[in-house]
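Numbering (full-length UniProt numbering), first residue to last: 1 to 66. All C-beta atoms, glycine included, are put in the ideal place defined by N, C-alpha and C. Single-structure report; data block below.
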């Protein structure tokens, strides 16, 4: 699965230097389908990585309100 993030060179520099990528609150998205698509991608990724989680992490993920 690939995730794309569109930014300029300064944005890329900030991401690399901080080691983090911030997300915008869903109410500020241009298209409501972006939230649905993002949630589907997250659920697919969690299913794919399921066997790699330790039991405590897996329990936390299963109880998260996704």
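Nearest-angstrom beta carbon gap, residue j and residue i [assumed within contact, 8 Å]
i          : j          : result
residue 35 : residue 29 : 6 Å
Proximal residues to residue i (C-beta, below 7 Å), its chain only, five neighbours per side dropped
i          : result
residue 5  : 21
residue 26 : 35
Check whether residue i and residue j have beta carbons under 8 Å apart
i          : j          : result
residue 46 : residue 61 : yes
Proximal residues to residue i (C-beta, below 6 Å), its chain only, five neighbours per side dropped
i          : result
residue 38 : none
residue 48 : none
residue 15 : 21
For residue i, the first and last residue of its enclosing alpha helix (DSSP H)
i          : result
residue 48 : 32–49
residue 57 : 55–63
residue 18 : 9–18
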